[in-house]
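Colleague:
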Amino acid sequence: MRAELLEALRSPATTTDLARALGITPSAVSQHLRVLRESGLVARERSGRSVLYMTTTLGDSLSGTVA
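Each residue of the sequence shown is one higher than the last, beginning at 1266 in the working numbering.
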């Protein structure tokens, strides 16, 4: 599931966006994102009232999205 999250984060997304895309609950997404954030693979940024998640350079390299 965490690999799928990294793949889904090719563009920034909210927890709700990710839950819809992956067919799991926002709570489950949050738990996985916390682990990915603690591992340095994902970062978060506030955008108005939303929090957007995106992969870090390390996350990009792990998921193969960096050339």
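Note that CB positions come from ideal geometry on N, CA and C, so glycine has one too. Keep in mind that this is a model prediction, so the values were computed, not measured.
Distance check for GLU1269 and GLN1296, CA to CA, integer angstroms please.
Modeller: Translated into the one-based positions of the sequence shown, residue 1296 becomes position 31. Translated into the one-based positions of the sequence shown, residue 1269 becomes position 4. Straight-line Cα distance between these residues: approximately 14 Å.
Colleague: If you follow the beta strand (DSSP E) that THR1320 is in, where does it begin and where does it stop?
Modeller: As a working note, residue 1320 is residue 55 in the sequence shown. Segment 1315-1320, the beta strand (DSSP E) holding THR1320.
Colleague: How would you call VAL1300, buried or exposed, if buried means at least 16 neighbouring beta carbons within 10 angstroms?
Modeller: To locate residue 1300, count along the sequence shown from 1; it is residue 35. Under this definition VAL1300 is an exposed residue.
Colleague: Where do the ends of the beta strand (DSSP E) carrying SER1312 lie?
Modeller: Numbered from its first residue, the sequence shown carries residue 1312 at position 47. Note, SER1312: beta strand (DSSP E), 1307-1312.
Colleague: Three-state secondary structure (DSSP) at THR1281?
Modeller: As a position in the sequence shown, residue 1281 is number 16, starting the count at 1. Here THR1281 sits in helix by DSSP.
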